[in-house]
Amino acid sequence: MSKENAILSFLVLMSALMCILEVILNLAGTDVSNSITLFWDGVFVICTVLWVKYDAKERGFIRPFDFDFLVYVLWPVAFPWYLIKTRGLEGLVLLFGFLWVLLIPWLSGLIAYVYYT
Numbered sequence: 000m001s002k003e004n005a006i007l008s009f010l011v012l013m014s015a016l017m018c019i020l021e022v023i024l025n026l027a028g029t030d031v032s033n034s035i036t037l038f039w040d041g042v043f044v045i046c047t048v049l050w051v052k053y054d055a056k057e058r059g060f061i062r063p064f065d066f067d068f069l070v071y072v073l074w075p076v077a078f079p080w081y082l083i084k085t086r087g088l089e090g091l092v093l094l095f096g097f098l099w100v101l102l103i104p105w106l107s108g109l110i111a112y113v114y115y116t
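This is the structure:
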């Protein structure tokens, strides 16, 4: 398994665990703490930066010395730019997939809260 696939698998697993946590806590009538939400957001950003690093190496993308740091600091701009630059229109689809993995725990918790409480 390549490093990119391992990182994607880890992200999907963490997203599934966050979905379960969000649903259980919302059904119990409590909110997910800010520290857990911050942890999930941090893990997501760090994993996507690592994914960009390994993907750029594999694709032969010429990157400046501080590219990984710039992707980390300017993540909302640099991550979509990298996906579109390296893949074109397919990069937008991949971006929506990454955003889905990020937002599905929140959405599942919201659905559980609205329909079952």
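Counting along the sequence shown from 1, when you hit position 75 you're at 74 in numbering that gives the first Met the number 0, and nothing is skipped either side. Backbone N, C-alpha and C fix where the C-beta goes; we use that ideal spot for every residue, glycine too.
Point to revise | CB of Val-51 within 8 Å of CB of Phe-78, strictly | key: To locate residue 51, count along the sequence shown from 1; it is residue 52. To locate residue 78, count along the sequence shown from 1; it is residue 79. Going by C-beta atoms, Val-51 is nearer than 8 Å to Phe-78.
Exercise for review: Within the same chain, show all residues whose beta-carbon is closer than 7 Å to that of Arg-86, passing over the 5 residues directly before and after it, in chain order.
Suggested key: Looking up residue 86 in the sequence shown gives position 87. Cβ neighbours of Arg-86 beyond the five flanking positions: Leu-93.
Point to revise | Runs of alpha helix (DSSP H) lying entirely within the region 43 to 75, each at least 4 residues, in chain order | key: 66 to 72
Point to revise | Where the alpha helix (DSSP H) containing Ser-8 begins and where it ends | key: Locating residue 8 in the sequence shown gives position 9, counting from the first residue. Per DSSP, Ser-8 belongs to the alpha helix (DSSP H) from 2 to 26.
Check your understanding: Mind checking whether Val-48 and Val-70 have CB atoms under 8 Å apart?
Key -> On the sequence shown, position 49 is the one that residue 48 refers to. On the sequence shown, position 71 is the one that residue 70 refers to. Cβ distance < 8 Å, so Val-48 and Val-70 count as in contact.
Practice item. Inspect the beta-carbon positions of Leu-26 and Tyr-115 and report whether they are closer than 8 Å. Key: The count along the sequence shown starts at 1 and reaches residue 26 at position 27. The count along the sequence shown starts at 1 and reaches residue 115 at position 116. In contact: Leu-26 and Tyr-115 (Cβ atoms closer than 8 Å).
Check your understanding: Could you give the distance in angstroms between the alpha-carbon of Phe-66 and the alpha-carbon of Gly-28?
Key -> Here residue 66 is taken as the residue at index 67 of the sequence shown, counted from 1. Here residue 28 is taken as the residue at index 29 of the sequence shown, counted from 1. Rounded to whole angstroms, Phe-66 to Gly-28 spans 43 Å at the Cα level.
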